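**Student:** Read in order, the letters of the sequence shown correspond to residues 357 to 514 in our numbering.
For glycine and all other residues, C-beta sits at the position ideal for the given N, C-alpha and C.
Since the model is a prediction, treat every value here as computed from it, not as a measurement.
My structure is below; once you've seen it, I'll send some questions.
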Amino acid sequence: MVPNPIFTVTSMGIDINGKAVQIAKALEESINLLTTGYFKGYHTDMDWEKEEGDAYPHSVYGASCSEVEADCLTGAHKLLRTDIDMDAAFSMNPALGIGQIEREFIQAMRSYTIEELKYFPEGVLYSQSPDDYKIPTVTDIPEELCVTLVHFRNPTVI
């Protein structure tokens with residue numbers, strides 16, 4: 357593992373730590389690599405002073421569709437089924453990738469349907485205490501959550 361690695365959003369953990377795993381395997385097999393490498397991070401157009409730009413230039417492509425039962429009078433809703441197809445290139449561990457996708461879907465669903473974010477007029481979030489954090493329960497997630505990994509081989513990533 358790379359010490360103090362970056363977060364694993366959109367499989368960055370695989371991109372960064374995957375090479376470390378390959379190197380460890382080579383060393384285990386007594387293959388002399390005769391080089392040293394460092395991860396400098398991604399070049400971004402992010403302006404941290406203005407809080408503008410793209411901080412994470414790592415894209416994952418996919419499509420999803422949800423079947424939702426909604427009560428137009430009360431706003432009550434139930435997620436019946438969600439299908440997600442994601443381009444996983446070549447996944448080292450498909451089960452891990454599917455788990456990440458399911459977790460991120462549920463986290464995004466929570467953000468848009470369960471939490472009520474409140475902002476000051478200046479745009480600063482003020483509902484950010486642990487009391488405001490709503491954890492989805494089994495009744496909040498879709499009855500059927502189907503994730504399919506599409507394997508489009510991209511030679512520039514692991």
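Which residues does DSSP list as the beta-bridge partners of Leu505?
**Tutor:** As a first step, residue 505 is located in the sequence shown; it is residue number 149 there, counting from the start. In the DSSP output, where bridge partners are listed per residue, Leu505 has Met442.
**Student:** What does Ala419 pair with, by DSSP beta-bridge criteria?
**Tutor:** Counted from its first residue, the sequence shown places residue 419 at position 63. Bridge partners of Ala419: Asp441.
**Student:** Is there contact between the region 434–442 and the region 455–466, where contact requires at least three CB pairs shorter than 8 Å?
**Tutor:** Taking 8 Å as the limit for Cβ pairs, the verdict is that the region 455–466 does touch the region 434–442.
**Student:** Look up Asp487 in the DSSP assignment and say whether it is helix, strand or coil.
**Tutor:** Locating residue 487 in the sequence shown gives position 131, counting from the first residue. Correct three-state label for Asp487: helix.
**Student:** On the DSSP letters alone, give me the boundaries of the alpha helix (DSSP H) that Met465 sits inside.
**Tutor:** To locate residue 465, count along the sequence shown from 1; it is residue 109. Here the alpha helix (DSSP H) through Met465 covers 450–469.
**Student:** Nearest CA to the CA of Pro486: which residue from Thr495, Glu478, Glu472, Gly479?
**Tutor:** What you label residue 486 is simply residue 130 of the sequence shown in a count that begins at 1. Among Thr495, Glu478, Glu472, Gly479, the Cα nearest to that of Pro486 belongs to Glu472.
**Student:** Taking 8 Å as the cut-off, decide whether the C-beta atoms of Ser420 and Pro498 are in contact.
**Tutor:** Residue numbering aside, residue 420 sits at position 64 when the sequence shown is read from its first letter. Residue numbering aside, residue 498 sits at position 142 when the sequence shown is read from its first letter. No, the pair does not count as a contact, with Cβ atoms beyond the cut-off.
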